[in-house]
Amino acid sequence: MRSIWTGSLSFGLVNIPIRLYSGTKRERLDFDLLHKKDLSPIRYARVCKAEGKEVPYEEIVKGYEYEKGEYVVLTEEDFERANVRKNKSIEIISFAQQEEIDPNYFEKPYWIEPDKGAARAYALLREALRESGRVGIAQFVLRNREHLCIVRPEGEALALNQMRFASELQEPSSLQLPERAKPDAKELSLALSLIDQFTEPFRPENYKDTYHEELERLIEEKLSGKAPAKMGKAPEPTKVRDLMSLLKASLEQQEAGGKKTSTKSRAKRSRRAS
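Residue 1385 is where the sequence shown starts when you use our numbering, and the numbers rise one by one after that.
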């Protein structure tokens, strides 16, 4: 892996030189945009609106429009000067229980590696977080943007989860949602039994990007001159009057597949339905 950021991880007066690595990798098919007529690749050009000519990348600068048509230009040095400490430091501001943090805030994972001479301080923070059962709440600047994040132990590593600020989240208050009313007792009992049937320990390796595989199959079929076979069909909305029968059918299908609900769970569901 190649590091994407170097600086320090600090808590209190302790500064740990580190390198930051992306915790994800891109796994998708790349598609080029082509001209339908002759399949020539489409090229994106940076064109100056005033001159109508393409502009070389090295002649492009970043500008902030403070009035209509009026800009102030910012260089990379300006972004660095805005706050040298935040550009070079992931500063832990406080500590908290990870369970307190709404999953909606999490955005992207990274790995933290100690730089030369920083192994002891790195290990100290890692074990202190593990022993305390807490995560560090920090802020830092990456790609000219400040981010909120948590720092947590993960095996022998320290992981960083980039987060969104509260101001970046939208509330669902404008959505048309059903009220929190008690559903039909029998329907609820069946829904809970169905959840029991589908419940199993979470193992991320069990989940695959099957759409990626299906696209590859489709591409192979087109290359071999075959008409691509259509996979699946669009689901139809469930009618309210069919809800009970579909829940029962779903449960029977699962049970036929070998997943059995425990006697204890069944008894609890029966009591709720009665």
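No residue lacks a Cβ here, since even glycine has one placed at the ideal position from N, Cα and C. Given the structure is predicted, the values throughout are model-derived calculations rather than measurements.
For residue j and residue i, believed in contact at Cβ under 8 Å, the rounded distance
i	j	result
residue 1485	residue 1444	Between residue 1444 and residue 1485 the Cβ distance is about 38 Å, and since that is not below 8 Å, they are no contact.
residue 1493	residue 1407	3 Å
residue 1634	residue 1578	6 Å
residue 1474	residue 1393	5 Å
residue 1450	residue 1457	Rounded, the Cβ-Cβ distance is 11 Å, inconsistent with contact.
residue 1593	residue 1411	7 Å
residue 1499	residue 1403	6 Å
Contact under 7 Å by Cβ, residue i with residue j
i	j	result
residue 1599	residue 1612	no
residue 1518	residue 1479	yes
residue 1528	residue 1463	yes
residue 1424	residue 1405	no
residue 1483	residue 1547	no
residue 1426	residue 1413	no
residue 1389	residue 1572	no
Residue i - DSSP class collapsed to helix/strand/coil
i	result
residue 1507	helix
residue 1429	coil
residue 1606	helix
residue 1554	coil
residue 1516	helix
residue 1386	coil
residue 1537	strand
residue 1628	helix
residue 1497	strand
residue 1412	coil
residue 1531	strand
residue 1634	helix
residue 1582	helix
residue 1617	coil
residue 1463	helix
Given residue i as reference, the closest of the options once Cα atoms are compared
i	options	result
residue 1472	1524, 1555 and 1501	1524
residue 1575	1455, 1584, 1632 and 1595	1632
residue 1385	1497, 1605, 1555 and 1556	1497
residue 1439	1447, 1446, 1429 and 1448	1429
residue 1401	1424, 1509 and 1411	1509
residue 1481	1452, 1561, 1521 and 1504	1521
residue 1505	1541, 1483, 1639 and 1453	1541
residue 1629	1570, 1617 and 1418	1570
residue 1532	1639, 1596, 1489 and 1503	1489
residue 1627	1420, 1615, 1567 and 1614	1567
residue 1434	1453, 1589, 1619 and 1552	1453
Environment of residue i [buried if 16+ CB atoms lie within 10 Å]
i	result
residue 1391	buried
residue 1607	exposed
residue 1398	exposed
residue 1513	buried
residue 1646	Here the model assigns residue 1646 a pLDDT of 45, short of 50, so the residue's position is not dependable and the matter cannot be decided.
residue 1395	buried
residue 1537	buried
Closer than 7 Å to chain E by CB, residue i
i	result
residue 1494	Going by chain labels, chain E is absent from the structure shown, which holds only one protein chain.
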